[in-house]
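For the sequence shown, UniProt numbering gives the first residue as 1, with consecutive numbering after it.
We put the beta carbon where it would ideally sit given N, CA and C, even for glycine.
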Amino acid sequence: MTAINFAVIGYGGMGSYHIHNIMPNENERIHVVGTYDISGERQKISSQHNHKIYHSLEEVLKDETIEAILIATPNDSHKDLAIQALKAGKHVVCEKPVTMNVEELDEILNVAKETGQTFMVHQNRRWDPDFLITRELYKNQLIGEVFQIESRVQGANGIPGDWRHELKHGGGMLLDWGVHLLDQLLFLVDSRIEKVSADLSYILGGEVDDGFITYIIFENGIRAIVEVGTTNYTKLPRWYLKGTQGTAIIHDWDLTGEMVVESGKQDIQAPKPIQAGVGLTKTMAPPSEEATETKALPQATAEYDTFYKNFYNVVREKAEPVVKNEEVRQVMVLIEEIFKTAKR
Ligand code: NAD
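Here you go:
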């Protein structure tokens, strides 16, 4: 097994996370040679980890020992970096969002096709345990056929960092967390989209969206609500799914939650009316005790290779990529539609 020699472009938050937290898990397959960052300060920190320090992109691309680069720079720089690297004969791993829009992505994909180099986008949240549980629930119909999916992430700290506040760098939450949640949704639901409506929020008063809510109707009838917020001092569950035989909730990344499913018992008493506020309701009363049972969430592991293992197999053995460029493109098409529909 010959490891793929990588250079990392952008040794910021995510570039260093790749080097110190993700790539070491695949050290037989991936070897980090060095880094290039436009910030002298970041270069200095990188040199303390014994990385080779490159002083320009050209220097990286001329280095024949480098087979692949990781792009972990602000979003507006991905396209040019990717195209230059592919043309220089390097394989490319690119952070999400792949580009600012579909047109930019198509330019990259054309060059990847021409050069025959591998181009793969790091949609890492396909391996998040909360998503894997959701996928298990969905595929094995543990709450019957799922017909409503609600996927949310909500914080109270506004938008972090600097470039994430600026339109020209591709800031805003739709191009940030939105990409992850929409990628998960499209990876989960195997159906074309029929309708999309959306609203972006500008509560913090900046030029980029600080959150959004979108309602998506798939051709197979499934409805999805995807919501991202950065001004939520208390939050709604990470996942809420309704199926024909039950409801599931996953509260957070700590994976607490449950499934409440029909018990299937016969001769169940009708629910009794309850006092609700200053009124009475039977409709909103909980089901009688025998009608449902509460179950633990399923265990879940990915049935596909980890990202870098798969990248290695794609480059060395022409394996099928676990993150396909056509899937990444579908997410960008949806994001463009969300921007447009929110404006309308
Ligand atoms: P960051 O600001 O922490 O780091 C970016 C680094 O890139 C900085 O050190 C900056 O000096 C450097 N840089 C900027 N332009 C450059 C250029 N042209 N050439 C070389 N270096 C350059 O940002 P970040 O949080 O690390 O985000 C980087 C990318 O990673 C973004 O696309 C972001 O969306 C993505 N990201 C992905 C995840 C994930 O879970 N997949 C998480 C965080 C960030």
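By the Cβ rule, the region 79-97 does not count as touching the region 43-53, because fewer than three pairs are nearer than 8 Å.
For the 7 Å CB-CB criterion, A72 and G15 form a contact. Counting only runs of at least 3 residues, the region 94-138 fully encloses the following beta strand (DSSP E) elements, listed from N- to C-terminal order: 119-122.
Within the DSSP bridge table, the entry for G257 names I250 as partners. Not one heavy atom of the ligand NAD is found less than 6 Å from the C-beta of I66.
With fewer than 16 neighbouring CB atoms inside 10 Å of its own CB, Q269 falls in the exposed class. Rounded to whole angstroms, I4 and V228 show a C-alpha spacing of 36 Å. In this structure, DSSP gives I143 a state outside helix and strand, which the three-state scheme calls coil.
Distance from the C-beta of E104 to the nearest heavy atom of the ligand NAD is not below 6 Å. For R192, DSSP records no beta bridge to any residue. In this structure, the CA atom of F307 is about 39 Å from the CA atom of S263. When the alpha-carbon of V261 is set against those of S197, G211, V146, the nearest one is in V146.
For T2, the three-state secondary structure derived from DSSP is coil.
The continuous stretches of alpha helix (DSSP H) do not include Y215, which lies in the beta strand (DSSP E) extending over residues 211-218. Remark: the C-beta of S39 is in contact range of the ligand NAD, defined as less than 6 Å to any heavy atom.
For the 7 Å CB-CB criterion, Y11 and D37 form a contact. Around the C-beta of S46, 16 or more other C-beta atoms lie within 10 Å, and the residue is accordingly described as buried. The nearest non-hydrogen atom of the ligand NAD is 6 Å or more from the C-beta of A85. With respect to the C-alpha of L70, the residue from E114, E64, M100, F119 having the closest C-alpha is F119. Taking the Cβ atoms as the reference, M100 lies roughly 5 Å from G170, within the contact range of under 8 Å.
Assigned with DSSP and collapsed to three states, R152 falls in strand. Short of 7 Å from the beta carbon of F131, and not among the five residues preceding or following it, lie these beta carbons of its own chain, in chain order: R125, Q184. Here I38 carries a coil assignment [DSSP, helix/strand/coil].
For H31, the CB stays at least 6 Å from every heavy atom of the ligand NAD. Fully enclosed alpha helix (DSSP H) runs of no fewer than 4 residues occupy 57-62 of the region 45-83, in order along the chain.
One thing to note: S197 has its Cβ no nearer than 7 Å to the Cβ of F218.
Taking the Cα of G34 as reference, the smallest distance to any Cα among V60, W239, E258 is reached at V60. Beta bridge pairing from DSSP links W177 with no other residue. The beta-carbon separation of H91 and E67, rounded to 6 Å, stays under the 8 Å limit for a contact. At a Cβ-Cβ threshold of 7 Å, P97 and V179 count as neighbours. The closest heavy atom of the ligand NAD lies less than 6 Å from the beta carbon of S77. Here R316 is exposed. Its C-beta has fewer than 16 other C-beta atoms within 10 Å.
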